[in-house]
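Residue numbers (the UniProt record's numbering): 1 to 341. What follows is a short report on a single structure.
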Amino acid sequence: MGKSGSGKTSMRAIIFKSQLAADTRRLGATIDVESSQIKFLGGLRLDLWDCGGQDSFMDSHLTAQSSTVFRAVHSLIYIFDAESTELLTSDTVYFLKCLRALQDQNPTSSAPQPPPSPASASAPSPTSTSAAVTSSAGNGNGGADDGGPTVFVLLHKMDLVPVDVQQSKLAEFEAEVTRKARESGYKGGLRFYGTSIWNETLYKAWSIVISHLMPSLSSLRSHLTSFLSLSSASEIVLFERTTFLVISSVTNEDDAKDTEWDERRFERISTMVKAFKLGCSKIRSPFSSLTITTPHYAAVLDALTPETYILVVAREPASIELNIRLARPHFAKLESIAVGR
Ligand SMILES: Nc1nc2c(ncn2[C@@H]2O[C@H](COP(=O)(O)OP(=O)(O)OP(=O)(O)O)[C@@H](O)[C@H]2O)c(=O)[nH]1
Ligand SMILES: [Mg+2]
């Protein structure tokens, strides 16, 4: 959800329909609600509701359609336009109304919780994984461990904000919106991220959203760690096959010590491979795998399971492809177990 023109349909088109960012300029306003069902990681079905943001539609989502839109929601992803002149006025008013509707329609989210400490309620998190993306937690955990829906707040179109003020703008926005949410009685967690369709921040935020939707997949991480050490790799990254969102990653800390690695490398790979795949499909030559060999390292990106791609980076290139082949049956079994759960 979010006001008209904030970029909701653009995000959906890029992440789930593999469209190019430039093509989103042609999108028209969404009428009422566009719901799509996305087959995701085997048997999982992701129900994505793109709610038109024009005032008349917002009013209808909040009144006549309130129970349809807000009941049984797993996650609310609310998009603010960073360039909007009404960011902290009318844009926030609608957001607060949505939080209220979410709380009313999902009573567990209003279960009593310990009050947030002033520091965690208002101060922006010092953690940052990318220049334009910061996440933090309104109630100290940022999630919905009260059993209610999780709210992700995306301050979007950050490319239009000068780079040197992006962090401070996001921090101020987060503090102010969190304060207003608490004052209005919302008790659940809020997670804030700065995003733009023009860089990898969009992939970063959506990878977090998707990992949150499928916590069972986190168990894959321990298996990736075993694979990392068994194959003497420096790094392994797991991507969802269609969206190329990062599901999980493991790094050999000893190798990481020697080198300065780009903190945004995973999201940048998602963005680049997605564009490359699109290029391949345009010339009717479907993407299957990619191998890069340099004097210092080798990287292989290949299908691992029916629903995932794996990227293995190692100093010793000889056995990467063989190791991936040998690991496939094990990960395919794990994936079916995770999905079954
Ligand atoms: N500069 C910039 N423009 C963006 C970004 N994301 C989307 N846009 C542009 O914003 C415009 C509106 O995007 P939409 O995705 O249609 O907006 P919406 O939120 O779906 O709007 P409604 O359907 O009316 O609720 C399009 O021209 C997009 O190209 C971004 O990150 N940066
Ligand atoms: Mg739209």
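Cβ atoms here follow ideal geometry from the backbone N, Cα and C, with glycine treated the same way.
(request) Check whether the Cβ of threonine 9 lies closer than 6 Å to any heavy atom of ligand 2, and answer yes or no. (result) Indexing the sequence shown from 1 puts residue 9 at position 9. Distance from the C-beta of threonine 9 to the nearest heavy atom of ligand 2 is below 6 Å.
(request) Answer yes or no: do proline 317 and threonine 293 have a C-beta to C-beta separation smaller than 7 Å? (result) Numbered from 1 along the sequence shown, position 317 holds the residue referred to as residue 317. Numbered from 1 along the sequence shown, position 293 holds the residue referred to as residue 293. Judged by their CB atoms, proline 317 and threonine 293 are nearer to each other than the 7 Å cut-off.
(request) Please report the residue range of the alpha helix (DSSP H) in which tryptophan 206 lies. (result) Here residue 206 is taken as the residue at index 206 of the sequence shown, counted from 1. Segment 201-213, the alpha helix (DSSP H) holding tryptophan 206.
(request) Please indicate yes or no: does the CB of threonine 30 lie closer than 6 Å to some heavy atom of ligand 2? (result) Here residue 30 refers to the residue found at position 30 of the sequence shown. Relative to ligand 2, the beta carbon of threonine 30 is positioned inside 6 Å of a heavy atom.
(message) By the three-class DSSP mapping on this structure, what secondary structure does alanine 72 have?
(response) Translated into positions along the sequence shown, residue 72 becomes position 72. In the structure shown, the three-state DSSP call for alanine 72 is coil.
(message) Please return the same chain residues whose Cβ sits closer than 7 Å to the Cβ of proline 112, not counting the five positions on each side in sequence.
(response) For the purposes of this step, residue 112 is taken as the residue at position 112 of the sequence shown. In this predicted model, proline 112 has a pLDDT of only 44, less than 50, meaning its place in the structure is not dependable; the value taken from the coordinates is given anyway. Answer for proline 112: no residue qualifies.
(message) Could you compute how far the alpha carbon of threonine 150 sits from the alpha carbon of cysteine 280?
(response) Here residue 150 is taken as the residue at index 150 of the sequence shown, counted from 1. Here residue 280 is taken as the residue at index 280 of the sequence shown, counted from 1. The C-alpha of cysteine 280 is placed about 37 Å away from the C-alpha of threonine 150.
(message) Using C-beta distances below 7 Å, list every residue in its chain close to valine 161, excluding the 5 sequence neighbours before and after it, in chain order.
(response) For the purposes of this step, residue 161 is taken as the residue at position 161 of the sequence shown. Answer for valine 161: Ala82 and Lys169, listed in chain order.
(request) Report, in whole angstroms, the separation of the C-beta atoms of leucine 102 and alanine 181, which I expect to be a contact under 8 Å. (result) Indexing the sequence shown from 1 puts residue 102 at position 102. Indexing the sequence shown from 1 puts residue 181 at position 181. Between leucine 102 and alanine 181, the beta carbon gap of about 11 Å keeps them out of contact (Cβ cut-off 8 Å).
(message) Which residues does DSSP list as the beta-bridge partners of phenylalanine 152?
(response) Residue numbering aside, residue 152 sits at position 152 when the sequence shown is read from its first letter. In DSSP, phenylalanine 152 forms a bridge with Ile77 and Arg191.
(request) Under 7 Å Cβ to Cβ from methionine 11, same chain only, skipping five residues before and after it: list those, please. (result) As a first step, residue 11 is located in the sequence shown; it is residue number 11 there, counting from the start. So the list reads Ile197 and Leu202, once near-sequence residues are dropped.
(request) Inspect the CB distances between the region 87-94 and the region 14-31 and report whether three or more fall short of 8 Å. (result) Per the Cβ contact rule, the region 87-94 is not in contact with the region 14-31 (fewer than 3 Cβ pairs under 8 Å).
(request) Return yes when at least one heavy atom of ligand 1 lies under 6 Å from the C-beta of arginine 265, else no. (result) Position 265 of the sequence shown holds residue 265. Closer than 6 Å to some heavy atom of ligand 1: that does not describe the Cβ of arginine 265.
(message) Tell me which residues share the same chain as phenylalanine 331 and place their Cβ nearer than 6 Å to its Cβ, disregarding the 5 neighbours each side in the sequence.
(response) Residue 331 sits at position 331 when you count from the first residue of the sequence shown. Setting aside the 5 residues that flank it on each side, phenylalanine 331 is surrounded in the same chain by Leu304 and Thr305, each with a C-beta closer than 6 Å to its C-beta; the list follows chain order.
(request) Take valine 312 and list the residues in its own chain whose beta-carbon comes closer than 6 Å to its own, dropping the five residues that flank it on each side. (result) Stepping through the sequence shown from its first residue, residue 312 is reached at position 312. The answer, listed in chain order, is Ala233, Ile236, Val300 and Ile320.
(request) Pick helix, strand or coil for leucine 2, following the three-state DSSP scheme. (result) Stepping through the sequence shown from its first residue, residue 2 is reached at position 2. One detail in the question is off: residue 2 reads as glycine in this sequence, not leucine. Three-state result, glycine 2: strand.
(message) Using CA atoms only, rank isn't needed, just tell me which of Phe227, Gly188, Ser248 and Ser229 is closest to isoleucine 208.
(response) Taking the first residue of the sequence shown as 1, we reach residue 208 at position 208. For the residues Phe227, Gly188, Ser248 and Ser229, the minimum Cα distance to isoleucine 208 belongs to Ser248.
(request) Please work out which residues of its chain come closer than 7 Å, Cβ to Cβ, to phenylalanine 276, disregarding the five sequence neighbours upstream and downstream, and give them in chain order. (result) Your numbering for residue 276 matches position 276 in the sequence shown. Once the five neighbours on either side are set aside, the close Cβ partners of phenylalanine 276 are Phe287.
(message) Check for me: the alpha helix (DSSP H) holding tyrosine 297 runs from which residue to which?
(response) The residue given as residue 297 occupies position 297 in the sequence shown. Tyrosine 297 -> no alpha helix (DSSP H), and no H or E assigned at all.
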